[in-house]
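> Numbering (the UniProt record's numbering), first residue to last: 1 to 330.
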């Protein structure tokens, strides 16, 4: 005699697929473990996230919306904002030759920063990664300029580059080189290069620090395997180590691009955007239009354009670079 089964079997037809549910699927209102989240837990999540959202709204969203609103009016900085001009301020900004020069200068600074600081930083990082006497002291000295505030660094180099009496002109005169009459910062054809030299001195330490950290994260087994294969030091660095630094290099390039777009303090202290707009950047342009000329609507439009450029660059980095690095790490 056969006893009936105490467990009811599901009635599944031969042609019906068995119901399946992904184990990693989280239903609404449930925790990843399948337990329904309580109202108290949801309240705790909101309490932890709210301060960050409030700060984001106060220091990012609200200023951006204020700049967008300002860009739609002709406003001198005082009185009611009631002279609505629509997109006319954007037209004036995008057709202004000075703004075009400012965008060009920012792009030149971006390209030169990467082209100069990356090979120099990589070369110095490779040297400092080797065992040598006084390596810690050299690292500290190289990183000191980056620690200085941009205003302080700008004042120091402005004093060094004063025409005739500055240290730079004195050193050049001592080796038989005649400096320009107006100085490097006062000559339109040389001012941007002088600013670029100061920027390299200021930020080269950051490139060296990041690249050196990347070099020290390379496993020792990689070097040992390269030695067993008979690779020289140069071949090891070029074909093995440097390719492993790809994510670090791309991260530094992104930081350099964003920093170049935000460049203001150094240029303002050294040249004020001159001479003859030879060193004007987007940041100095909008400050000049707003605080010096009282064209706050144009300044707002320029700031919105600068914000859009930064967002586009960040989105491209997220889509083309960061996503690939994440996929490679899996």
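Even for Gly, the Cβ is constructed at its ideal location relative to N, Cα and C.
So, for residue 103: in the same chain, excluding its five sequence neighbours on each side, which residues have a beta-carbon less than 7 Å away from its beta-carbon?
Contacts found: 282.
> Please say whether residue 172 and residue 117 have beta carbons closer to each other than 8 Å?
Result no, Cβ atoms of residue 117 and residue 172 do not sit closer than 8 Å.
> Within 10 Å of its beta-carbon, does residue 140 have 16 or more other beta-carbons around it, so buried, or fewer, so exposed?
Residue 140 is exposed by the Cβ-count criterion.
> Using a Cβ-Cβ cut-off of 7 Å (strictly less than) and excluding sequence neighbours within five positions of residue 277, which residues of its own chain qualify?
98 and 101, listed in sequence order.
> Can you give me the start and stop residues for the alpha helix (DSSP H) that residue 67 sits inside?
Start and end: 62–71.
> Beta-carbon separation of residue 291 and residue 273 under 8 Å?
Cβ distance not < 8 Å, so residue 291 and residue 273 don't count as in contact.
> Residue 307 by DSSP, collapsed to three states: which one?
Here residue 307 sits in helix by DSSP.
> Locate the alpha helix (DSSP H) running through residue 196, then write down its first and last residues.
Run containing residue 196: 188–216, per the alpha helix (DSSP H) assignment.
> In three-state terms, what does DSSP make of residue 36?
Residue 36: strand per DSSP, three-state reduction.
> Can the beta-carbon of residue 85 be found less than 8 Å from the beta-carbon of residue 74?
Yes, the Cβ-Cβ distance between residue 85 and residue 74 is below 8 Å.
> Which residues mark the beginning and the end of the alpha helix (DSSP H) in which residue 256 is found?
246–261 is the extent of the alpha helix (DSSP H) around residue 256.
> I'd like the span of the alpha helix (DSSP H) that includes residue 268, first residue to last.
Segment 265–270, the alpha helix (DSSP H) holding residue 268.
> So, residue 297 versus residue 71, is the Cβ gap smaller than 8 Å?
Yes. Within cutoff.
> Can you give the Cα-Cα distance for residue 372 and residue 207, rounded to whole angstroms?
Missing from the structure shown is residue 372; the chain here goes from 1 to 330 and no further.
> Please return the same chain residues whose Cβ sits closer than 7 Å to the Cβ of residue 160, not counting the five positions on each side in sequence.
Cβ neighbours of residue 160 beyond the five flanking positions: 166, 167 and 168.
> Whose C-beta lies closer than 7 Å to the C-beta of residue 237 among residues of the same chain, with five residues either side of it excluded?
Taken in chain order, the residues that qualify are 126.
> Grouping DSSP H, G and I as helix and E and B as strand, with all else coil, what is residue 24?
Any reading at residue 24 needs caution, since the residue's pLDDT is 46, under 50, leaving its predicted position unreliable; the model's value is listed next. It is coil, neither helix nor strand.
> Between which two residues does the alpha helix (DSSP H) harbouring residue 158 extend?
It spans 150–160 - the alpha helix (DSSP H) in which residue 158 sits, taken as one unbroken run.
> Return the Cβ separation of residue 198 and residue 153 in integer angstroms, given the expectation that the two are a contact with Cβ distance under 8 Å.
Indeed, because the Cβ distance is near 7 Å, the residues count as touching under 8 Å.
> For residue 320, count neighbouring C-beta atoms within 10 Å of its own C-beta (all shown protein chains included) and say buried if the count is 16 or more, exposed if not.
Residue 320 should be labelled exposed.
> Assign residue 132 to buried or exposed, taking buried as 16 or more other Cβ atoms, counted over all protein chains shown, within 10 Å of its Cβ.
Exposed, by the Cβ-count rule.
> Three-state secondary structure (DSSP) at residue 84?
In this structure, residue 84 counts as strand in the three-state DSSP scheme.
> Run the CB neighbour count on residue 56, radius 10 Å, all protein chains shown included, and call it buried at 16 or more, exposed below.
When all chains shown are included, residue 56 counts as exposed.
> Residue 212 to residue 106, Cα distance in whole Å?
Going by the C-alpha atoms only, they are around 27 Å apart.
> List the whole-angstrom C-beta distance separating residue 157 from residue 270, where the pair is believed to meet the contact cut-off of C-beta under 8 Å.
Between residue 270 and residue 157 the Cβ distance is about 7 Å, and since that is below 8 Å, they are a contact.
> In chain order, what residues of the same chain lie with their CB nearer than 7 Å to the CB of residue 11, ignoring the 5 residues before and after it?
Any reading at residue 11 needs caution, since the residue's pLDDT is 48, under 50, leaving its predicted position unreliable; the model's value is listed next. Contacts found: none.
> For residue 106, report the span of its alpha helix (DSSP H) as first-last.
Looking at the DSSP string, the run of the alpha helix (DSSP H) that includes residue 106 is 97–128.
> Just verifying my parser: in three-state terms, what is the DSSP assignment at residue 89?
Here residue 89 sits in helix by DSSP.
> Go ahead and pull the three-state DSSP assignment for residue 173.
Note: residue 173 maps to helix in three-state DSSP.
> Is the beta carbon of residue 261 closer than 8 Å to that of residue 306?
For residue 306 and residue 261, yes; Cβs fall inside 8 Å.
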